[in-house]
Amino acid sequence: MPPNDTVLTPQETARLRALDARHHMHPFSDQAALAAQGARIFTRAKGCYLWDSEGRRYLDGMAGLWCVQVGYGREELVEAAARTMRDLSYYNTFFQCSHPYATELAARIAEKTPKGLDYVMFAGSGSEANDTALKMARFYWTARGEPNRQWVVARVRAYHGVTLAAASVSGLEPMYAQFGNPVIPTLRMMAPYWYGPGIEGGMSPDEFGLTAARQIEKAIEAAGPGKIGTMIAEPIQGAGGLLIPPDTYWPEVQRLCAEHDILLIADEVVSGFGRTGHWFGSQLFDIQPDIMTMAKGLTSGYVPMSATVMGPKVADAVRNAGTEVAHGYTYSGHPVTAAVALANLEVIEREGLVERVRDDIGPYFQEQLRTLSGLPHVGEIRGVGLLGAIELVRETEPRRFFDPLGRMGLAVRNHATANGLIMRAVGDTLILSPPFVISHAEVDELIALARKAILAGADDYAGGRIQ
Ligand code: PMP
Numbered sequence: 004m005p006p007n008d009t010v011l012t013p014q015e016t017a018r019l020r021a022l023d024a025r026h027h028m029h030p031f032s033d034q035a036a037l038a039a040q041g042a043r044i045f046t047r048a049k050g051c052y053l054w055d056s057e058g059r060r061y062l063d064g065m066a067g068l069w070c071v072q073v074g075y076g077r078e079e080l081v082e083a084a085a086r087t088m089r090d091l092s093y094y095n096t097f098f099q100c101s102h103p104y105a106t107e108l109a110a111r112i113a114e115k116t117p118k119g120l121d122y123v124m125f126a127g128s129g130s131e132a133n134d135t136a137l138k139m140a141r142f143y144w145t146a147r148g149e150p151n152r153q154w155v156v157a158r159v160r161a162y163h164g165v166t167l168a169a170a171s172v173s174g175l176e177p178m179y180a181q182f183g184n185p186v187i188p189t190l191r192m193m194a195p196y197w198y199g200p201g202i203e204g205g206m207s208p209d210e211f212g213l214t215a216a217r218q219i220e221k222a223i224e225a226a227g228p229g230k231i232g233t234m235i236a237e238p239i240q241g242a243g244g245l246l247i248p249p250d251t252y253w254p255e256v257q258r259l260c261a262e263h264d265i266l267l268i269a270d271e272v273v274s275g276f277g278r279t280g281h282w283f284g285s286q287l288f289d290i291q292p293d294i295m296t297m298a299k300g301l302t303s304g305y306v307p308m309s310a311t312v313m314g315p316k317v318a319d320a321v322r323n324a325g326t327e328v329a330h331g332y333t334y335s336g337h338p339v340t341a342a343v344a345l346a347n348l349e350v351i352e353r354e355g356l357v358e359r360v361r362d363d364i365g366p367y368f369q370e371q372l373r374t375l376s377g378l379p380h381v382g383e384i385r386g387v388g389l390l391g392a393i394e395l396v397r398e399t400e401p402r403r404f405f406d407p408l409g410r411m412g413l414a415v416r417n418h419a420t421a422n423g424l425i426m427r428a429v430g431d432t433l434i435l436s437p438p439f440v441i442s443h444a445e446v447d448e449l450i451a452l453a454r455k456a457i458l459a460g461a462d463d464y465a466g467g468r469i470q
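All the letters of the sequence shown, read from the start, carry residue numbers 4 to 470 under UniProt numbering.
Printed below as a string of structure tokens:
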């Protein structure tokens, strides 16, 4: 139960909601609709649970935004932040300066990433890390005397962030309508979404994996010779609906990138730090990227921090530039965030959380998740480690999506929230990504609540309450 002081009076909750509606612009929200409904105000979190200002408890099936790997309220991380704030509350890493926190952290990250990826630049968010990666790729091509290779291959349904560069390579069409065309010349290829276009093309997952990968060649052709220098991709597309590529996909992408001399940026913002049962998604798929970006799980979301890790090609170009590289943030390697990241990595290692996801709780979660197949409208269940998705469809055999898309997903998500489970809906796909410390009993609770929400949504649909 939450301590009493985190349960606010109804008047206090109403006051905060009114202030929020008046002054606080929320990410990716219809501001007027949100103001009318009133925001849910969270006041406390511990382990895998959150409490709102009215004392309601939620099992957090999303680990915040895929980030709270070690669970909420870990004293080690709190201590690391407090200690560092006392000792070195801030200093920058410009002007020939460093400090133990950023230095140690860079070395620790280099230990965990695939061989050769060992040169780290820090930032504050996933978007900034991807901007850094895209800029370093440009830097590399310019240094190589091929400055025209500024085009980037990205994918439909990709999510790399919202800064102008990261948004340019993301596949979120509404962004372009609202904020103008991409600022980075980008060619978007098909996502490796077998349950969508794979089925429509009558292909097996393996056939489809090759077809989707070979779209790189179409992109190269479309851009014209000497234009494409870089590809950016999430090993598993997260916000795009948890798209797990068929086995044939990544080896073919890797082969084609090598053949056409294209730098590969792996966006590990979601798939990093143990989420798949490996330190990084690149290791799960045996990918050797030229650059990796990471954020979320680096600090378990306790403080904002991200990193861009460069392999030898790009690192050498930067190191041997013979000039200052004109890039870096005030908060690159911030001592407090670096100290929290170090404490977070220590907890992950000491408690064997990556191995736990790989060998114990991950397989258990996957097995339990699959007990939901056979419920009405459950089309595909997919997942790996502590990532799971339930794709709901109007009819399963043959597969027919809901039309319009998204209402069913939203209805089920709302039932889940009302019953005390936080899941995310992407279209009609429900996403789960719980903290690594989730117990077997909590997985059982999560699955039971998800089942209840899906059945309630199916009832709504049968009763004509979802058109
Ligand atoms: N890359 C991926 C794969 C993401 O999922 C996200 C955010 N969910 C980002 C980048 C952007 O991170 P941020 O919101 O910290 O800028």
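Every residue gets a Cβ at the ideal spot worked out from N, C-alpha and C, and that includes glycine.
None of these values were measured; they are calculated from a predicted model.
6 Å CB neighbourhood of residue i in its chain, flanking five on each side removed
i      : result
Gly280 : Val360, Arg361, Gly365, Gly388
Ala459 : His418
Gly67  : Gly304
Leu11  : Ser56
Ala83  : Ala342, Val343, Ala346
Thr311 : Met124, Ala132, Thr135, Ala136, Thr296
Ser173 : Ala161, Tyr162, His163
Reduced DSSP category for residue i - H, G, I as helix; E, B as strand; rest coil
i      : result
Phe31  : coil
Ala329 : coil
Lys115 : helix
Glu352 : helix
Phe45  : strand
Leu91  : coil
Leu78  : Per the sequence shown, residue 78 should be read as Glu rather than Leu. It is helical.
Ala236 : strand
Leu108 : helix
Leu246 : strand
Thr12  : coil
Thr251 : coil
Tyr464 : helix
Asp23  : helix
Ile223 : helix
Asp209 : helix
Close Cβ partners of residue i (< 7 Å) along its chain, the five nearest in sequence each way excluded
i      : result
Gly127 : Pro307, Met308, Ser309, Tyr332, Tyr334
Pro195 : Gly212, Ala215, Leu246, Pro248, Pro249, Tyr252
Cys70  : Lys299, Gly300, Ser303, Gly304
Own chain residues within Cβ distance below 8 Å of residue i, not counting five before or after
i      : result
Gly430 : Gly244, Leu408, Gly409, Gly412
Whole-angstrom C-beta distance between residue j and residue i, which should lie under 8 Å
i           : j      : result
Ile202      : Arg402 : 6 Å
Glu271      : Met313 : Glu271 to Met313, Cβ: 13 Å. No contact.
residue 521 : Val165 : Beyond the ends of the chain as shown, which are 4 and 470, falls residue 521; an answer cannot be given.
Gly423      : Tyr61  : 5 Å
Phe276      : Ile351 : 7 Å
Leu378      : Arg454 : 7 Å
Minimum C-alpha distance to residue i - residue among the options
i      : options                        : result
Asp319 : Ala226, Pro438, Ile239, Gly119 : Gly119
Leu452 : Thr420, Ile441, Val440         : Thr420
Val321 : Ala39, Arg18, Met124           : Met124
Thr46  : Arg25, Thr399, Glu15           : Glu15
Leu435 : Leu287, Ala242, Gly467         : Ala242
Ala21  : Pro30, Asp33, Ile44, Ser32     : Ile44
Asp447 : Glu394, Thr399, Gly467, Gln371 : Gln371
Lys221 : Gln181, Met206, Arg158         : Arg158
Arg191 : Gly199, Pro200, Ile235         : Ile235
Arg258 : Gly277, His26, Gln291          : Gln291
Ile443 : Gln369, Tyr93, Pro315          : The sequence given here has His at residue 443, not Ile. The option with the nearest alpha carbon to His443 is Gln369.
Chain C within 7 Å of residue i, Cβ atoms only
i      : result
Gln371 : Among the chains of the structure shown, chain C does not appear; only one protein chain is present.
Heavy atom of the ligand FAD within 6 Å of residue i beta-carbon
i      : result
Ser130 : With respect to the ligand FAD, the structure offers nothing, as its ligand set consists of the ligand PMP.
For this session: Please go through the segment 123-184 and give each complete alpha helix (DSSP H) segment of 4 or more residues, from N-terminal end onward.
Result: 129-146, 167-171, 176-182
For this session: Let me know the beta strand (DSSP E) ranges lying completely inside the segment 256-327, each 3 residues or longer, listed in chain order.
Result: 266-270, 294-297, 309-313
Exercise. Can you list the alpha helix (DSSP H) stretches of 4 or more residues lying completely in the segment 381-462, in chain order?
Worked result: 410-421
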